[in-house]
Every structure is written in C-alpha cells, then in structure tokens.
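Residue numbers (my numbering): 1 to 354.
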C-alpha cells in the first residue's frame with residue numbers, strides 16, 4: 001500500500017467523455033486482483049484511470065503508475081474509510097442510454113423490492129413500506145407519493161434556522177459500562193412509555209461516530225461512539241473508553257422488537273461488528289433515506305442534512321463531523337452534534353409517517 005502515500009489526483013465526476021472507466025462499484029465483494037485486471041482488459045478500460053465510489057461520493061482518480069493501480073485494487077472487498085469497496089465498470093455520460101420517460105402505468109406500479117424490504121404504491125399514489133425484521137413484517141404508511149418535492153440547494157439550506165433537539169431533552173453521556181447500563185435502562189423505560197412509538201412500532205434514532213483517518217492506506221478506526229434517541233432522551237455511549245460494546249447495549253441493538261433508524265445504518269452495522277464480533281441485528285436497522293426516496297422519488301440527495309431541511313425546515317450543523325471522537329472528553333458542541341444526529345433520524349421517520 002506504500003504507493004498510496006503519494007495520493008492520486010482526484011476530481012469530481014463531471015466528465016462528458018464517452019470513454020469508459022473502471023469503477024469501484026459493481027463487481028462482487030472480494031473479487032481478486034487478477035479477475036479485476038482481466039475485467040478491465042476485456043472492456044478496454046485504461047488501467048491508469050479508476051472511478052472511486054465510496055460512501056455515496058464519486059470521484060475520478062488518475063493514478064500515477066501501475067503500482068498505484070495495484071494498491072487501489074487490493075482495497076476491493078475491504079474498506080475505504082468505513083464503507084466496503086467494489087470494483088467494476090463505469091461509462092462516461094456519452095455512453096449512457098437515454099432516460100425513459102415514465103408512463104402512467106409505470107408510476108402506478110412503482111415498486112422496489114429487495115431481500116429486506118418491499119415498497120408498494122397503489123393507484124392513488126399511497127406508499128406502504130414493508131420491512132422484514134427477524135420472523136415478522138413491519139409496515140409503515142408514509143402517505144401519498146410527492147413527485148414535486150426536490151432537494152434543496154445549499155444556499156437555501158444555509159438560510160434555514162439551526163436544527164437542535166437537545167433543549168428540553170435529557171442527554172446522557174456514558175463513558176463506563178455501569179453508566180452505559182443505566183443509560184440503556186433509561187432508554188428502555190422511555191420506550192415502554194411510548195417515547196419512541198411510530199405507528200405502533202418502537203423506534204430509536206440511531207447513529208455512530210468514528211475518529212477520521214487522514215492517511216491514505218491506513219485502516220479505518222473502530223466505532224468510538226453510539227448514539228440512540230427517543231423523544232426527550234438521547235443516549236451517547238463511548239465505546240472507545242469502555243473498550244467494547246456493553247452487554248446491555250448489544251442486547252438493545254439485537255432486539256428485533258426495537259427498530260434502529262438512521263441514514264446509512266447498513267454501514268454502521270458492518271463497522272460495529274469490528275467492535276462486537278457476531279453482532280446480529282436481525283434486520284432491525286431501518287434506512288430512513290430509503291423510505292424518503294419512496295415518498296419523494298425526485299430527491300437527488302437523501303442524506304440526513306437534506307432530509308431535515310426538507311421535512312423539518314431546519315439546518316443541521318456539520319461542523320463537528322471530522323472531530324476526534326476518541327479524545328478524552330467531548331466539548332458541548334460535540335455532544336450537541338452527536339445527539340442531534342441520532343434525534344434527527346427518529347424525527348424524520350415521524351414526519352414521513354404523518
């Protein structure tokens with residue numbers, strides 16, 4: 001991986017070129033380097049040009065030499081930042097087929113099905129989102145599909161009032177196993193009182209924070225913080241200081257009767273598994289961005305900041321995002337940021353299901 005110490009030149013994917021490029025996106029996880037090279041040669045892709053796709057961000061990387069290419073390819077099936085990497089093919093804009101205009105029939109039959117969820121839209125445009133959790137199905141009615149809703153521009157979001165759910169809420173920061181057990185117990189009690197109930201389902205807002213890695217080729221850090229939120233109570237558990245996941249927290253994460261909702265939860269599940277080998281959440285992580293996309297099909301951005309701006313008409317601060325989440329103590333701004341990230345997931349689900 002030493003070739004990556006001299007980082008490749010990176011630019012945004014705004015090319016109008018018709019030339020194909022290799023893309024870290026479409027081949028199965030774990031494809032070996034020889035197969036990747038064979039794939040690239042068979043598609044006549046220049047071996048010094050790769051398109052890197054990770055955590056929803058896309059950039060074209062022009063690699064300085066063949067050694068750098070080999071270094072990039074070894075990431076396939078592993079992780080770049082905190083997301084798994086794939087390798088595949090990308091075509092420039094000129095090679096893309098023309099977009100098909102949706103017909104009334106395709107809109108009426110709009111569905112999206114995977115092994116984990118099912119989205120159904122009836123003839124009147126009413127959306128039902130079904131999530132398969134353990135041995136049961138959970139349904140959320142998210143109202144009528146709204147095709148007029150689109151992503152807000154950055155300047156429009158910047159003009160909104162600041163989003164903050166911490167005033168009036170109890171925020172517990174747990175830095176020991178004993179504190180974590182007490183905090184999870186308080187969360188369970190709040191759930192029994194209906195503080196996380198959405199359409200009859202118990203839900204907690206969920207997020208994690210990890211100390212960033214700024215050196216190319218260095219493996220990602222383990223999750224430092226787990227955030228959980230219900231109405232009026234937000235719990236922050238410092239896994240870095242505890243040294244692992246307390247049993248009380250593990251049981252909550254694996255409890256299929258309590259949904260954990262946020263943006264990018266699937267990635268959080270993978271990174272948490274490094275702290276907690278054998279963690280089995282039994283499908284109880286709910287991706288709020290997927291639900292939002294079913295209700296607002298023309299959204300281009302479904303990140304948490306974008307959803308809060310559209311649904312709550314508020315602006316989320318991202319100023320603490322790249323802070324050191326393993327430092328001995330958190331500043332009030334870091335606590336507020338982490339708490340709001342968890343609380344926002346639950347709030348967005350509530351607003352979508354109104």
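Glycine included, each C-beta is placed from N, C-alpha and C at the ideal position.
From a predicted model like this one, the values you see are computed outputs, not experimental measurements.
Tell me residue i's beta-bridge partners as DSSP assigns them.
i, result
"residue 206", "228"
"residue 262", "287"
"residue 315", "162"
"residue 223", "210"
"residue 197", "202"
"residue 309", "Per DSSP, none; premise fails for residue 309."
"residue 215", "Per DSSP, none; premise fails for residue 215."
"residue 281", "The partner list for residue 281 (beta bridge, DSSP) is empty, contrary to what the question assumes."
Can you give me the Cβ contacts of residue i inside the same chain, cut-off strictly under 8 angstroms, excluding the 5 residues immediately before and after it?
i, result
"residue 308", "163, 314, 315, 316, 344, 347 and 348"
"residue 142", "127, 128, 129, 291, 294, 295, 352 and 353"
"residue 165", "229, 234, 339, 340, 343, 344 and 347"
"residue 168", "232"
"residue 275", "222, 223, 239, 244 and 245"
"residue 105", "Because residue 105 sits at a pLDDT of 46, beneath the cut-off of 50, its placement in the model cannot be relied upon, and the following sentence gives the value as read from the coordinates. Closer than 8 angstroms at Cβ, skipping near neighbours: no residue."
"residue 258", "191, 196, 202, 203, 204, 252 and 284"
"residue 158", "315"
"residue 279", "245, 250, 253, 254, 269, 272 and 273"
"residue 187", "204, 228, 230, 233, 235 and 252"
Going by other Cβ atoms of all chains shown within 10 Å of its Cβ, with 16 needed for buried, is residue i buried or exposed?
i, result
"residue 260", "buried"
"residue 148", "exposed"
"residue 298", "exposed"
"residue 206", "buried"
"residue 289", "buried"
"residue 284", "buried"
"residue 267", "buried"
"residue 170", "exposed"
"residue 176", "exposed"
"residue 189", "exposed"
"residue 208", "buried"
Starting from residue i, follow the alpha helix (DSSP H) in both directions and report where the run begins and ends.
i, result
"residue 295", "288–295"
"residue 169", "Per DSSP, residue 169 belongs to no alpha helix (DSSP H) and is neither H nor E."
"residue 184", "177–192"
"residue 152", "Premise fails: residue 152 is in no alpha helix (DSSP H) and is neither H nor E."
"residue 254", "247–254"
I'd like the span of the beta strand (DSSP E) that includes residue i, first residue to last.
i, result
"residue 301", "That residue, residue 301, is in no beta strand (DSSP E); it is neither H nor E in DSSP."
"residue 238", "233–238"
"residue 345", "Taken as a continuous stretch (DSSP letters only), residue 345 belongs to no beta strand (DSSP E), being part of the alpha helix (DSSP H) at 332–352."
"residue 358", "Residue 358 falls outside the range modelled here, since the chain spans only 1 to 354, and no answer is possible."
"residue 136", "136–144"
Tell me whether the beta-carbon of residue i lies closer than 8 angstroms to the beta-carbon of residue j.
i, j, result
"residue 231", "residue 196", "yes"
"residue 265", "residue 233", "no"
"residue 236", "residue 172", "yes"
"residue 249", "residue 204", "no"
"residue 226", "residue 220", "no"
"residue 211", "residue 137", "no"
"residue 318", "residue 305", "yes"
Is any heavy atom of the ligand GTP found at a distance shorter than 7 angstroms from the C-beta of residue i?
i, result
"residue 344", "For the structure depicted, the ligand GTP is absent and the ligand set is empty, with no information on it obtainable."
Give every residue of the same chain whose Cβ lies closer than 6 angstroms to the Cβ of residue i, excluding the five residues on either side of it in the sequence, and list them in chain order.
i, result
"residue 109", "Low local confidence applies: a pLDDT of 41 at residue 109 is under 50, so the model's placement there is unreliable, and no value is given."
"residue 256", "133, 134, 282 and 284"
"residue 150", "298"
"residue 311", "348 and 351"
"residue 152", "309"
"residue 320", "333, 334 and 337"
"residue 118", "130"
Kindly list the residues whose CB is nearer than 7 angstroms to the CB of residue i, restricted to its own chain and excluding five residues on each side of it in sequence; keep chain order.
i, result
"residue 323", "334"
"residue 180", "174, 237, 242, 246, 248 and 249"
"residue 145", "121, 125, 127, 295 and 297"
"residue 350", "198"
"residue 301", "151"
"residue 161", "314 and 315"
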